[in-house]
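There are 2 protein chains.
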Amino acid sequence: MTAAISILKMEKTCDNVSQILKALAHPGRLLVLGHLLNGPKAVGELTDLCAISQSQMSHFLMRMKIEGLVTVEREGKFRIYSIADKRLGRLLQTIQREYCR
Amino acid sequence: MTAAISILKMEKTCDNVSQILKALAHPGRLLVLGHLLNGPKAVGELTDLCAISQSQMSHFLMRMKIEGLVTVEREGKFRIYSIADKRLGRLLQTIQREYCR
DNA sequence: CGCTTAAATTCCTAAATAATAATGTATGAT
DNA sequence: ATCATACATTATTATTTAGGAATTTAAGCG
Chain A
261 MTAAISILKM EKTCDNVSQI LKALAHPGRL LVLGHLLNGP KAVGELTDLC
311 AISQSQMSHF LMRMKIEGLV TVEREGKFRI YSIADKRLGR LLQTIQREYC
361 R
Chain B
261 MTAAISILKM EKTCDNVSQI LKALAHPGRL LVLGHLLNGP KAVGELTDLC
311 AISQSQMSHF LMRMKIEGLV TVEREGKFRI YSIADKRLGR LLQTIQREYC
361 R
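Okay, structure coming up:
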């Protein structure tokens, strides 16, 4: 029974999964991820796009980096953030498809 | 450009979406929803399946009902909870597919 | 009616999260 | 070496959330 397997897996993974979802579950961070879904961006770009303070954006990004949702790479004096992996991309797309219409 | 549309929608919906995700983002509630994905269940059943206290389960269910994730109906002295809609079902399945393996 | 079971509600305390402001650090340009 | 830019870090306070215990409500049964 496939449902039973899912539950067994879920019992083992729900702590990690809920950590990930907590990192997603914020209007500001969700919007940042939405923009990153369109491609990697520097902090300043994201700050402009989301119209929030530099400090708050930095906190958002730090949090999401710690949780493994985003990755950074340096490019001169900029830092370019990206969606960390395909799984998150697919999850975000599902969220958009189901709830952003 | 479909991505731009998504961002516009996301700007409008991210508060609501993040509310929903917050309600999901808890190991206990996630597990409850996992069980409900297998079909409607009474509070006592869920309490046994998840091995948590009656009080905590009731808190979980109340929270999720307020956020519209679950629905209740009375059946004698039991209260039967269900996943509120297909959208949530699909979201949960995506979460399981991507993160519960 | 009084009792039991099922579940909700209230109350309380601890812990996590969020927001803002201020300060610090690395890089590139002059 | 100095300065501006880009971003991170720290500190602080306010708000939310979590969890447990106790109480309450509602239904069914003797």
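Chains as they are written, first to last, in our numbering: chain A, 261 to 361; chain B, 261 to 361.
Idealized CB from N, CA, C, for every residue including glycine.
ask   = What are the boundary residues of the beta strand (DSSP E) that Glu333/A is part of?
value = Reading the first sequence from its first residue, position 73 is the one you call residue 333/A. Segment Val330 to Glu335, the beta strand (DSSP E) holding Glu333/A.
Residue ranges of each alpha helix (DSSP H) within the segment 265-331 of chain A, 4 or longer = 287-296, 303-310 and 314-326
request  = Check each residue of the segment 330-355 of chain B: if its Cβ is closer than 7 Å to any Cβ of chain A, include it; give the result in chain order.
outcome  = Arg347, Arg350, Leu351, Thr354 and Ile355
inquiry  = Determine whether the beta carbon atoms of Val330/A and Ser318/A lie at a separation below 8 Å.
reply    = Position 70 of the first sequence, counted from the first residue, corresponds to residue 330/A. Position 58 of the first sequence, counted from the first residue, corresponds to residue 318/A. Contact: no.
request  = Name the residue from Ala285/B, Cys274/B and Leu281/B whose alpha carbon lies nearest to the alpha carbon of Ser278/A.
outcome  = Along the first sequence, read from residue 1 onward, the residue named residue 278/A stands at position 18. The candidate whose alpha carbon is nearest that of Ser278/A is Ala285/B.
query = If we call anything under 8 Å between Cβ atoms a contact, is Thr262/A one with Arg350/B?
reply = For the purposes of this step, residue 262/A is taken as residue 2 along the first sequence, with counting starting at 1. For the purposes of this step, residue 350/B is taken as residue 90 along the second sequence, with counting starting at 1. Cβ distance not < 8 Å, so Thr262/A and Arg350/B don't count as in contact.
query = When you compare each of Cys360/A, Lys346/A, Lys337/A and Asn298/A to Arg366/B by their alpha carbons, which one comes out closest?
reply = Since the first residue shown for chain B is 261 and the last is 361, residue 366/B is missing from the structure and cannot be characterised.
query = If you drop the 5 nearest sequence neighbours on each side, which residues of the same chain put their C-beta closer than 7 Å to that of Gln314/A?
reply = Against the first sequence, residue 314/A aligns to sequence position 54. Around Gln314/A: Thr307.
request  = Could you please give me the residues that DSSP links to Arg339/B through a beta bridge?
outcome  = Residue mapping note: residue 339/B aligns to position 79 of the second sequence, counting from 1. Per DSSP, Arg334/B.
ask   = With respect to the alpha helix (DSSP H) encompassing Arg347/B, which residues constitute its N-terminal and C-terminal limits?
value = Taking the first residue of the second sequence as position 1, residue 347/B is located at position 87. Unbroken alpha helix (DSSP H) run through Arg347/B: Lys346 to Tyr359.
ask   = Residues of chain A with CB under 7 Å from Pro287/B, in chain order?
value = For the purposes of this step, residue 287/B is taken as the residue at position 27 of the second sequence. Under the 7 Å cutoff, chain A gives Cys274, Asp275 and Ser278.
query = Between Lys301/A and chain B, is there a C-beta pair that is closer than 8 Å?
reply = Position 41 of the first sequence holds residue 301/A. For Lys301/A, the answer is no, since every Cβ of chain B falls outside 8 Å of its Cβ.
request  = With 8 Å as the threshold, decide whether the Cβ of Ile267/A is near any Cβ in chain B.
outcome  = By 1-based counting over the first sequence, the position of residue 267/A is 7. Yes, Ile267/A counts as interfacial toward chain B.
request  = Could you check the C-alpha separation between Gly304/B and Ile312/B for me, to the nearest Å?
outcome  = By 1-based counting over the second sequence, the position of residue 304/B is 44. By 1-based counting over the second sequence, the position of residue 312/B is 52. Gly304/B and Ile312/B: Cα-Cα distance of roughly 10 Å.
inquiry  = Any C-beta of chain A within less than 8 Å: which residues of the segment 310-330 of chain B qualify?
reply    = none
key: Anticipated Cβ contact below 8 Å, His295/A with Leu309/A, distance rounded   = Locating residue 295/A in the first sequence gives position 35, counting from the first residue. Locating residue 309/A in the first sequence gives position 49, counting from the first residue. Yes, they are in contact, since the Cβ atoms of His295/A and Leu309/A sit about 5 Å apart, within 8 Å.
task = Please name the residue in Gly328/A, Gln356/A and Ile340/A whose C-alpha comes closest to that of Gly299/A.
result = As a working note, residue 299/A is residue 39 in the first sequence. Comparing Cα-Cα distances from Gly299/A to each of Gly328/A, Gln356/A and Ile340/A, the minimum goes to Ile340/A.
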